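Q:
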Ligand SMILES: Cc1cc2nc3c(=O)[nH]c(=O)nc-3n(C[C@H](O)[C@H](O)[C@H](O)COP(=O)(O)OP(=O)(O)OC[C@H]3O[C@@H](n4cnc5c(N)ncnc54)[C@H](O)[C@@H]3O)c2cc1C
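Residue numbers (the numbering used here): 3 to 383.
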């Protein structure tokens, strides 16, 4: 057991920290209250991918960096401390690139992978629908075979990156209990995406996506027919860990802002940091953050060793994404009334923190997974 980043991780983090402040922050800053447009999103991706953020999980033989998940998680945490919006954009794009690498035919890979790894083609993954969220097996979107093509019809909801994405990896029913994944190209096959405005991480685009009899060649099937849901489920360990790294970054920013303010603001003749109950708030924030980090790093290092971590990822996700809300709320409390205003960043941290206990398995769904792992009894239905 070792709780410190190794030499290589420290070097990667140092370079990345400087790049985030120098290159990423200025590009992301204008989009904190409205979603990245296509140009800004692509520019951001091009700034991030040289550091392995946005495509680093793709192995070297696929043109990526083959970054291990723990190192990658540390980079995402660092990015989210400054821009959870850019972190969300990159994380979803990176997941799509990895799916294309793992499941795409040689033809699909030749056409898309190099561009995805370079940040020129941005992907997203569409599973949720207006009528289904936690229970993905109830999805209605269908892909019907028509000769050498599939015709896709249905509506997807809450799809991250969809307004700026070049390709959507959509999971659709190909038979009654059969779910398959297809690559749909915005230019070639067409899909419509309507932006959804949300509470926080507003630069990270989200949309409702319509597939109105969209025709794709059979070669755009990713993986075998019927493997779409299995592949999606396999990716949940990873996505739960990475959504947690976004929470870690927000939590760190909130704590840092609270410490700074507590040293500057004076009441009763001394900095409020000198009042014991203010220190108690900071201590609670720091403790919850440290616990969150340890849980996330544990799950990430299991993944880095190629081990499954369903239990550990669900514990990390459910704890961290709830803890960050308490941390961000206390950061506001430390700021008093100023914390509620747009003059200080903590109100934004609070809104951003609130976003993360829903995607990739709500807190309740992750608790059910933990319960099932502990007892062997399935309490889902
Ligand atoms: C920021 C963000 C990004 C997202 N990105 C994507 C994306 O890129 N692609 C995509 O496909 N989807 C995405 N989603 C959608 C996300 O996966 C769903 O929101 C999530 O699965 C929950 O579904 P739902 O919102 O429909 O809630 P529901 O499933 O309707 O749940 C509503 C409430 O009921 C609870 N609940 C449901 N079932 C049970 C049960 N059996 N026991 C106890 N409680 C239960 C839930 O915990 C929740 O509190 C995103 C969502 C967010 C917020």
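The beta-carbon is built from N, C-alpha and C at its ideal position, and this holds for glycine as well. As the structure is a computational prediction, the values presented were derived from the model and not from experiment.
Helix, strand or coil for residue 32, going by three-state DSSP, please let me know.
A: Residue state, collapsed to three classes: helix.
Q: Taking Cβ positions, are residue 209 and residue 164 nearer each other than 8 Å?
A: Taking 8 Å as the Cβ cut-off, residue 209 and residue 164 qualify as a contacting pair.
Q: State the DSSP-derived secondary structure class of residue 126, mapped to helix, strand or coil.
A: The answer is strand: DSSP assigns residue 126 an E or B state.
Q: Reducing DSSP to helix, strand and coil, say where residue 268 ends up.
A: Residue 268: strand per DSSP, three-state reduction.
Q: Is residue 327 buried or exposed, if buried means 16 or more other CB atoms sit within 10 Å of its CB?
A: Buried: at least 16 other Cβ atoms inside 10 Å.
Q: Under 8 Å between the Cβ atoms of residue 26 and residue 46?
A: For residue 26 and residue 46, yes; Cβs fall inside 8 Å.
Q: Going along the chain, which residues of its own chain have a beta-carbon closer than 7 Å to the beta-carbon of residue 343, five neighbours each way excluded?
A: Closer than 7 Å at Cβ, skipping near neighbours: 349.
Q: With a floor of 4 residues, list each alpha helix (DSSP H) that falls wholly inside the stretch 102-146, ordered by position along the chain.
A: Those alpha helix (DSSP H) runs which fall completely within the stretch 102-146 and span 4+ residues are 116-119.
Q: By alpha-carbon positions, which one of 243, 287, 181, 130 ends up nearest to residue 212?
A: The shortest C-alpha separation from residue 212 is found at 130.
Q: Cβ of residue 126 versus every heavy atom of ligand 1: is any distance shorter than 7 Å?
A: Correct: residue 126 has its Cβ closer than 7 Å to ligand 1.
Q: From what residue to what residue does the beta strand (DSSP E) around residue 214 run?
A: Residue 214 -> beta strand (DSSP E) spans 208-219.
Q: Give every residue of the same chain whose Cβ lies closer than 7 Å to the Cβ of residue 263, excluding the five residues on either side of it in the sequence, and list them in chain order.
A: Hits under 7 Å: 336, 337.
Q: Which residue wins for smallest C-alpha separation from residue 352, given the options 253, 29, 22, 219?
A: Comparing Cα-Cα distances from residue 352 to each of 253, 29, 22, 219, the minimum goes to 253.
Q: For the alpha helix (DSSP H) that contains residue 17, what are its first and last residues?
A: Run containing residue 17: 9-21, per the alpha helix (DSSP H) assignment.
Q: Enumerate, from N- to C-terminal direction, the unbroken beta strand (DSSP E) stretches of 3 or more residues contained entirely within the stretch 151-197.
A: For the stretch 151-197, whole beta strand (DSSP E) runs of length 3 or above, ordered along the chain, are 151-162, 169-177, 180-187, 194-197.
Q: Since residue 148 sits in a beta bridge, which residues does DSSP pair it with?
A: Per DSSP, 151.
Q: Under 8 Å: do the stretch 139-159 and the stretch 175-191 share three or more Cβ pairs, one atom per stretch?
A: Touching, per the Cβ criterion.
Q: For residue 148, count neighbouring Cβ atoms within 10 angstroms of its own Cβ and tell me buried if that reaches 16, exposed if not.
A: Classification of residue 148: exposed, given that the 10 Å Cβ count is below 16.
Q: In terms of residues, what are the limits of the alpha helix (DSSP H) holding residue 69?
A: It is not in any alpha helix (DSSP H) - residue 69 carries neither H nor E in the DSSP assignment.
Q: Where does residue 223 fall in DSSP's three states?
A: Note: residue 223 maps to strand in three-state DSSP.
Q: Between which two residues does the alpha helix (DSSP H) carrying residue 281 extend?
A: Where residue 281 is concerned, the enclosing alpha helix (DSSP H) stretches over 278-306.
Q: Give the single residue among 321, 10, 347, 317 whose Cα lies nearest to the Cα of residue 374.
A: Of the candidates 321, 10, 347, 317, the one whose C-alpha sits nearest the C-alpha of residue 374 is 317.
Q: Mind checking which residues open and close the alpha helix (DSSP H) that includes residue 371?
A: From DSSP, the alpha helix (DSSP H) with residue 371 extends over 365-377.
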